[in-house]
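In the numbering used here, the protein residues as written are 1 to 36.
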């Protein structure tokens with residue numbers, strides 16, 4: 001959307017969300033690997 005950029009995002013919130021997404025993706029990939 002116009003006007004949406006990282007200048008209007010709280011940096012700490014962005015860092016926390018990035019870490020949470022990374023953790024979730026890593027956990028999911030490990031779980032999927034166990035299914036193989």
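Just so it is clear, CB atoms sit at the ideal spot from N, CA and C, and this is done for glycine as well.
Can you tell me the Cα-Cα spacing of residue 8 and residue 16, whole angstroms?
C-alpha separation (whole angstroms): 16 Å.
To the nearest angstrom, how far is the alpha carbon of residue 23 from that of residue 10?
20 Å
Which class does residue 16 belong to by DSSP, given the choice of helix, strand or coil?
helix
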